[in-house]
Amino acid sequence: MRRVHGGAVAGRPREEGGGFEARQAWQAATKDRLGAAVAGMVEPGSRVLLDAGTTTVHVAEHLAARGPLTVAVLSLQAALRLADRPGIELLVVGGRSRPGERSLVGPLALRTLEALAFDVFVMSIGGVHAVHGWSEFSLEDAAVKQAGLGQAARTVAVADATKLGVRAFSQVGPLDAVHSFVTDAAAADPATHPGGPRTLDALREAGVRTRLA
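For any residue, its number in the numbering used here is found by taking its place in the sequence shown, counting from 1, and adding 454.
As structure tokens, this is what we get:
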């Protein structure tokens, strides 16, 4: 909660510095709904690159029922969700585990991605802005996302509505760098998410298929 004039409203953990453990319970039901929607967009038999993040852990849970799939993961949490699941060939992308996030980053992760090709990249994101496009709070995470964009035939970005209208520290790419975007229905409500409707309009104008789950 955070104090405002006349009362209090629900706050949200800071993306950078809060760490995965501090954020994983935030809007868990919403993120699980987003995870199910994204997993439903992945065809059985696909080669999938799954990004790090709290929302993509929920994607991993639902992907387990979409096999057969080859899934390369960029987080230790997603690896735990998919390990030993029938129909899932799991690849853990090499790299350094970023403290607090357990996302796999660094030169080894980048070299591994350069040697692979994917049908779909499921990308989480720190912010998406109508003018400034997709961005991330960490330089290292942004570099891995850029590599993923270059190695996938199709990219599905996923984020809860609080990420719309946000410009994070490091740019990942312009709006049209991805093919589809999945977020929750609250993104269309200007009363709760002032940057949401404008960002959704800009995404559609850029040719990005948007889905409110």
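By construction, the Cβ of each residue, glycine as well, lies at the ideal position given by its N, Cα and C atoms.
Counting along the chain, V598 sits inside the alpha helix (DSSP H) bounded by residues L593 to Q605. Closest option to T637, judged by alpha-carbon separation, among A606, L603 and G581: G581.
Taking 8 Å as the upper bound for CB-CB distance, L536 and L517 are in contact here, some 7 Å apart.
Under the three-state reduction of DSSP output, T664 falls in the strand class. In terms of Cβ geometry, G549 and L562 form a close pair [threshold 7 Å]. DSSP places T646 in the coil class of the three-state scheme, outside both helix and strand.
In this structure, the beta-carbon distance from E590 to S634 does not fall below 7 Å. With fewer than 16 other beta carbons inside 10 angstroms of its own, T646 counts as exposed.
Cβ-Cβ separation between Q600 and L503: approximately 12 Å, too far for a contact (criterion under 8 Å).
Judged by DSSP secondary structure, H583 falls within the beta strand (DSSP E) whose first and last residues are G581 to H583.
Residue burial annotation: G499 is exposed, with fewer than 16 other C-beta atoms found within 10 angstroms of its C-beta. In the three-state reduction of the DSSP assignment, G627 falls in the strand class. Around L666, the same chain offers T637, D638, A639, A641 and A642 as residues with beta carbons nearer than 7 Å, after the five sequence neighbours per side are excluded. A residue is called buried when at least 16 other Cβ atoms come within 10 angstroms of its Cβ; E543 does not meet this threshold and is exposed.
The distance from the Cβ of A631 to that of S578 is about 14 Å, inconsistent with a contact at the 8 Å cut-off. With a beta-carbon spacing of about 6 Å, G627 and L603 fall inside the 8 Å limit used to define contacts. Contact annotation, V576 with V546: C-beta distance approximately 16 Å; criterion of less than 8 Å not satisfied.
Judged by their CB atoms, G649 and L618 are nearer to each other than the 7 Å cut-off.
One thing to note: V511 has its Cβ within 7 Å of the Cβ of Q531. Under DSSP, R520 takes part in no beta bridge, so it has no partner. The beta carbon of L488 is closer than 6 Å to those of T509, V612, V636 and A667 in its chain, skipping five residues each way along the sequence. For the options D538, E497, G560 and P540, the alpha carbon positioned closest to that of L528 is the one of G560.
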